[in-house]
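Participant: Residue numbers (the numbering used here): 87 to 419. Glycine residues also receive a C-beta, built at the ideal position from the N, C-alpha and C atoms. It should be emphasised that the depicted structure is a prediction, and the values quoted were computed from it without experimental measurement. This structure is in structure tokens; I'll ask about it shortly.
Now the structure itself:
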């Protein structure tokens with residue numbers, strides 16, 4: 087048991103910094119912002135006051151003494167964390183793109199790998215099936231995307247009028263693509279989160295379609311057109327769907343395989359990574375829709391195939407560098 091004298095000694099030793107913290111909080115309430123040195127002092131004194139309060143609770147139950155210090159710590163807490171919240175709100179967009187999104191993509195790379203494997207396996211199955219028997223293309227590819235002779239379609243595209251010849255057409259077509267692509271991504275996310283298996287099958291099926299269509303164009307000798315036509319937006323659109331599916335896998339794993347921490351805790355822990363991945367997916371889909379509604383539709387008369395393929399390569403490298411290469415950690419080190 088601590089004696090009254092011990093309590094007085096403790097208060098005498100620590101009261102000066104409580105007064106200093108109170109003075110800084112009063113100043114912070116009067117001025118719009120503190121200097122960097124004052125900010126450092128305020129945070130330091132706030133942390134020391136928290137420690138003092140914990141120690142004081144162990145040596146006395148005096149309501150006046152504890153109440154005064156508890157009130158001071160409460161003021162410090164509100165100022166420090168409200169200030170941090172305001173700073174976060176001002177810089178949230180920059181932080182999301184340069185810190186949170188890349189860090190989450192690398193942390194959740196296992197889910198991204200699962201989604202990517204599903205797409206690539208499906209693409210391989212579709213390509214092999216059409217390569218072995220071109221007649222399989224009619225069975226695998228939906229009628230809306232099926233073209234019996236891709237070479238004829240390419241000739242029509244390259245010799246006919248430009249499909250997108252005005253900003254109004256580009257905007258209208260882009261809006262349609264935004265809606266369609268975001269719906270596909272949300273369906274992939276929902277199925278992956280709800281069932282895991284059905285979501286994987288959906289991504290696999292989309293891979294089958296991609297592989298079958300690509301094989302059909304390459305077999306008909308117009309593979310370069312296909313790469314130039316799909317590449318600029320496809321290098322963003324397909325990863326966007328994979329990122330949405332990865333978010334679904336992350337949430338689905340928390341629901342169906344929560345582990346020892348339990349399902350509620352696992353779902354809470356998965357919520358923020360899922361939200362960030364979905365944010366990345368929506369951003370990529372909007373960008374892909376903008377490109378698909380304009381640049382991708384230009385014929386070789388306006389933009390040559392090598393230029394389109396080069397743009398696709400640059401976009402893909404930029405995406406990989408943004409989300410998967412940990413260069414920021416190296417710079418901070």
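#1: Using a Cβ distance threshold of 8 Å, determine whether the stretch 131-147 contacts the stretch 96-114, with at least three qualifying pairs required.
#2: Contact check, residue 308 vs residue 389 under 8 Å by CB: the rounded distance?
#3: Taking only runs of the alpha helix (DSSP H) that begin and end inside the stretch 287-332, which ones reach a length of at least 4 residues, in chain order?
#4: Do residue 220 and residue 296 come within 8 Å of each other at the CB atom, strictly closer than that value?
#5: May I ask which residues mark the beginning and end of the alpha helix (DSSP H) holding residue 140?
#6: Is it buried or exposed for residue 226, if we count other Cβ within 10 angstroms and need 16 for buried?
#7: Give the DSSP-derived three-state secondary structure of residue 171 in the structure shown.
#8: Go ahead and label residue 138 buried or exposed: buried means 16 or more other beta carbons lie within 10 angstroms of its beta carbon, across all protein chains shown.
#9: Look at the alpha carbon of residue 231 and the alpha carbon of residue 329, and state the distance between them as a whole number of angstroms.
#10: Taking residue 212 as part of the alpha helix (DSSP H), name the residues at either end of that continuous run.
#11: Out of 346, 411, 314, which one is the CA nearest neighbour of residue 382?
#12: Looking at the secondary structure, which residues open and close the alpha helix (DSSP H) in which residue 402 lies?
#13: Please report the distance separating the alpha-carbon of residue 244 from that of residue 384.
#14: Under 8 Å: do the stretch 396-405 and the stretch 319-326 share three or more Cβ pairs, one atom per stretch?
#15: Check whether the stretch 366-377 touches the stretch 155-164, taking contact to mean three or more Cβ pairs, one atom from each stretch, closer than 8 Å.
#16: How many Å lie between residue 265 and residue 181 at the Cα?
#17: With a threshold of 16 other CB atoms inside 10 Å of the CB of residue 285, please say whether the residue is buried or exposed.
#18: With respect to the alpha helix (DSSP H) encompassing residue 358, which residues constitute its N-terminal and C-terminal limits?
#19: Could you tell me the distance, in whole angstroms, from the CA atom of residue 327 to the CA atom of residue 112?
#20: Do residue 274 and residue 338 come within 8 Å of each other at the CB atom, strictly closer than that value?
Facilitator: The answer reads as follows:
#1: yes
#2: Going by Cβ atoms, the distance from residue 308 to residue 389 rounds to 17 Å, so no, they are not a contact pair.
#3: none
#4: no
#5: 122-145
#6: buried
#7: Unreliable placement is indicated for residue 171, whose pLDDT of 48 sits below 50; the coordinate value is still reported in the next sentence. It is helical.
#8: buried
#9: 24 Å
#10: 195-218
#11: 314
#12: 391-409
#13: 9 Å
#14: yes
#15: no
#16: 27 Å
#17: buried
#18: From DSSP, the alpha helix (DSSP H) with residue 358 extends over 349-378.
#19: 52 Å
#20: no
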